[in-house]
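Numbered according to full-length UniProt numbering, the sequence shown spans residues 1 to 164. For each residue, glycine too, the CB sits at the ideal point set by N, CA and C.
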Amino acid sequence: MANPDDIFRQTGWPGLRARLFHLYFVLRRPMTLGVRGLVHDAATNSVFLIRHTYVPGWQLPGGGVEVGETLAEALVRELAEEGNIALNAPAVLKSMHFNCRSSRRDHVGFYVIEHFSQAVPKLPDHEIAEAGFFPLDGLPEGTTPATLRRIAEVFGEEPASPYW
1 MANPDDIFRQ TGWPGLRARL FHLYFVLRRP MTLGVRGLVH DAATNSVFLI RHTYVPGWQL
61 PGGGVEVGET LAEALVRELA EEGNIALNAP AVLKSMHFNC RSSRRDHVGF YVIEHFSQAV
121 PKLPDHEIAE AGFFPLDGLP EGTTPATLRR IAEVFGEEPA SPYW
């Protein structure tokens, strides 16, 4: 009688089983993952905010992590798309948050960016209605509560909340 472990090793069953379980959980319990970046210009003590065309309020740039993409790669892509911003040094992952307002399975990686360049200001397009740098003591009316919380966590005495 053959040893079952030998049969599993020969047939590749453990790897197949792991892939099948992974597929089951992806289909059964999908989770979404996003990134947001707080771009801080220390020289002017300002932060970069955007206003989308499809949701209200001023917020930090960012978006969803695509299949096959790391959080850092998604952040670089989103900063370029939404702000013409390029990183001059790696961004710092500040915290992870559960975004229960979006869904029961959404999480956001929050980064702080202090070394960057912006060759040209971001002009409005089909996704971004407005974008720009705003002084910390002069944030625009309509800045979202989540954006205000993240700013307070970075520049104030507020501890990082586990919720977006």
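Whole-Å CB distance - residue i paired with residue j, under 8 Å assumed
i, j, result
"residue 180", "Val-108", "Outside the displayed range of the chain (1 to 164) lies residue 180, so it cannot be described from this structure."
"Leu-49", "Gly-132", "7 Å"
Burial state of residue i (16 or more Cβ within 10 Å)
i, result
"Thr-147", "buried"
"Gly-83", "buried"
"Arg-105", "exposed"
"Pro-162", "exposed"
"Pro-4", "Summary for Pro-4: the model assigns pLDDT 46, below 50, so the residue's position carries little reliability, and this model does not support an answer."
"Glu-78", "buried"
"Pro-30", "exposed"
Separation of residue j from residue i, as counted between CA atoms
i, j, result
"Ala-86", "Val-120", "11 Å"
"Arg-149", "Ala-80", "24 Å"
"Tyr-54", "Gly-142", "14 Å"
"Trp-58", "Arg-36", "13 Å"
"Ile-7", "Met-96", "Because the pLDDT of Ile-7 is 44, which lies under 50, any placement of that residue in the model is unreliable, and the number read from its coordinates should be weighed accordingly. So the two alpha carbons sit approximately 42 Å from each other."
"Ser-103", "Phe-110", "17 Å"
"Ala-129", "Leu-75", "20 Å"
"Glu-73", "Lys-122", "20 Å"
Residue i - partner residues in DSSP beta bridges
i, result
"Glu-130", "Arg-51"
"Phe-155", "Per DSSP, none; premise fails for Phe-155."
"Leu-93", "Tyr-111"
"Ala-74", "Answer by DSSP bridge pairing: none, since Ala-74 is not bridged."
"Ala-86", "Ser-117"
Extent of the continuous beta strand (DSSP E) run through residue i
i, result
"Arg-36", "32-41"
"Gly-138", "Gly-138 -> no beta strand (DSSP E), and no H or E assigned at all."
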